[in-house]
Structures are given as structure tokens and as C-alpha cells.
Amino acid sequence: MATCDKELDARGLNCPLPILRTKKALNDLTGGQTLRVVATDPGAIKDFQAFAKQTGNELVESGEANGEFTFVLRKKA
Amino acid sequence: MATKKLAIIATKGALDWGYPPFILASTAAALGYDVQIFFTFYGLQLLRKSLNHLKVTSLGNPGMPMPMPMPVLLQALPGMQSFMTSMMKSTMKKKGVASLEDLRSLCIEADVKMIGCQMTVDLFGFSPSDFIPGMELGGAATFFEFAGESDICLFM
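Going down the list, the protein sequences come from chains A and B. Its first residue numbered 82, the first sequence is counted upward by one per residue in this note's numbering. Its first residue numbered 1038, the second sequence is counted upward by one per residue in this note's numbering.
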């Protein structure tokens, strides 16, 4: 697992909080930096794809293990 | 690409009905939309400084899941509404659903513009000081100035 510039723990949070916290966390990054988000909301899988598509921040990694979803986003340049 | 716009009309003053406008507004803002919400009639309750008074009711709402089957007349007994509201709030907390206050704060932080209906404020005898700072008062024409150019317009 590559290191990211920032980590966000969104476990236990329900829609729309993981996305809102992600947006906030991305604000602290500069273009090209990466953010890893861990969430437990099953809706997050589709939501993160949709978020990436609409905001232009690239979803570089997306995985699931033990009921936890991990996403890595690269902030838009 | 021009910024997309979402316009919402919020007309309900119940705890559960407060969620759709604030969830959609905050999410749209996170996706880069310009968002305005026009609060009219009972929707104005969502702009009160404290939201503690908001309740859910099962009356006239047969779709509300109940922990046990209960005749409607029993649901109308004094105290039932408060009881159901506290049950709903504790379930929401347990499931990681944000409080309405938190969602509203996130909307304000994300520059969602909130407009209170001037006519309803007068009708119900509210004072502007009953509402959160940052709320603007306006009428239908004010709303259309934004809604007329919106990509999405929702009535709730």
C-alpha cells in the first residue's frame, strides 16, 4: 500500500458524511497529492466513483477488505 | 464548464423532512454546484437557531417503520411524538447519520445560500432574530432569479 499525503477515517459515518469530509480533506491538499479514505458505508463505493467523475479528482485506488472500503483519490491539478 | 446550479424549495418542518434538502444541498456543494434553498411555510423551521424542537410523526405517515405494530389512535396519544422523535434520533446516531444541525452547518460552510420566505415570516409572526445569521429574506421573485438559471430545481 503506497503512502498517501493525507488519511481520512470515515468509518461509521453514513451518507453524505464520507463525501463531505473527503471534500474538506481535499481542500487541504495541493494538486497531485493523494488522500486515502477508509469508510464502512456500503453506498460509498458508487458515491466515490461519482464524486471522482464529477469533480475531476482521480480515483486511483478502490478496494474492500473486512467490510471496510478504501479509496485513494488524487487531487485535481 | 460553467458551474452547475441546484435550487431547492424546502416546505416541511419535520425532523425527517429536514434531511433531504440539507443532504442534497451539502453534497451538491461538495461536487462544485452553486446551491440555493428557499425555505417557505413550515420549511422555515429548518432555519430556526436551534433545531431541537423538530419532531417526526407517524400520524398521516403510514410508511414510517415502527418497532411494533400500533393502532393509529394510540400513536396520537400525548407524548408519543416526542417518544418517536427521541427513538429516531438515537437510531440515527447509532447508524452514523449526521445530526440536522451538523448538516446545516456543513451547508453554511460550503456557501449554500439560504433564503427565508418573507411572506411566511410575516404570516407566522416570526422575527428575523429567530433565525440563523446568514439567512436572507426574500420572495418568490428572489428565488426565481437563481432558480430560473438552475440546472436542477427540487420541491421538497
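Even glycine gets a Cβ: it sits at the ideal position worked out from N, Cα and C.
Where residue 1093/B falls: helix, strand or coil (DSSP): As a first step, residue 1093/B must be located in the second sequence, where it is residue number 56. Correct three-state label for residue 1093/B: coil.
Residue 1119/B versus residue 1093/B: straight-line alpha-carbon distance, rounded: Walking along the second sequence from the start, residue 1119/B turns up at place 82. Walking along the second sequence from the start, residue 1093/B turns up at place 56. Taking the straight line from one Cα to the other gives about 8 Å.
Nearest-angstrom Cα separation, counted from residue 111/A out to residue 103/A: As a first step, residue 103/A is located in the first sequence; it is residue number 22 there, counting from the start. As a first step, residue 111/A is located in the first sequence; it is residue number 30 there, counting from the start. When the Cα atoms are used, residue 103/A and residue 111/A turn out to be separated by approximately 14 Å.
Contacts of residue 1047/B in chain A (Cβ-Cβ under 8 Å): Counting from one through the second sequence, the residue named residue 1047/B turns up at place 10. Simply none; closest approach about 16 Å.
Any C-beta of chain B under 7 Å from that of residue 116/A: Taking the first residue of the first sequence as position 1, residue 116/A is located at position 35. Proximity of residue 116/A to chain B, defined by a Cβ-Cβ separation below 7 Å, is not satisfied.
Selection of the segment 1134 to 1165 of chain B by Cβ proximity to chain A, strictly under 9 Å: Flagged, chain order: 1134, 1135, 1139, 1140, 1143, 1146 and 1147.
Classification of residue 1158/B by the beta-carbon crowding that lies within 10 angstroms, buried from 16 upward: Residue mapping note: residue 1158/B aligns to position 121 of the second sequence, counting from 1. Around the beta-carbon of residue 1158/B, 16 or more other beta-carbon atoms lie within 10 Å, marking it buried.
For residue 1049/B, three-class secondary structure by DSSP: Here residue 1049/B is taken as the residue at index 12 of the second sequence, counted from 1. Here residue 1049/B sits in coil by DSSP.
Pick from 1129/B, 1168/B, 1170/B and 1154/B that is closest to residue 1179/B, judged by C-alpha positions: Residue numbering aside, residue 1179/B sits at position 142 when the second sequence is read from its first letter. Selected option, being the one with the closest Cα: 1154/B.
Chain B contact for residue 104/A (CB, 7 Å cutoff): Translated into the one-based positions of the first sequence, residue 104/A becomes position 23. At least one CB of chain B lies nearer than 7 Å to the CB of residue 104/A.
Assigned exposure category for residue 90/A - 16 Cβ within 10 Å defines buried: Residue mapping note: residue 90/A aligns to position 9 of the first sequence, counting from 1. With fewer than 16 other Cβ atoms inside 10 Å of its own Cβ, residue 90/A counts as exposed.
Validate contact between the segment 130 to 138 of chain A and the segment 1084 to 1103 of chain B using beta carbons, cut 8 Å, 3 pairs: Short answer: they don't touch.
Status (buried if at least 16 other CB within 10 Å, exposed otherwise) for residue 1168/B: To locate residue 1168/B, count along the second sequence from 1; it is residue 131. With 16 or more other CB atoms across the displayed protein chains lying within 10 angstroms of its CB, residue 1168/B is buried.
Secondary structure of residue 1151/B, DSSP reduced to three states: Counted from its first residue, the second sequence places residue 1151/B at position 114. Reduced to three states, the DSSP call for residue 1151/B is strand.
Supposed close pair residue 1114/B, residue 1055/B - CB separation, criterion 8 Å: Residue 1114/B sits at position 77 when you count from the first residue of the second sequence. Residue 1055/B sits at position 18 when you count from the first residue of the second sequence. The C-beta distance from residue 1114/B to residue 1055/B rounds to 24 Å, too long to meet the 8 Å contact threshold.
CB contact below 7 Å: residue 100/A versus chain B: The residue labelled residue 100/A in the question sits at position 19 within the first sequence. Taking Cβ atoms only, chain B reaches closer than 7 Å to residue 100/A, which makes this a yes.
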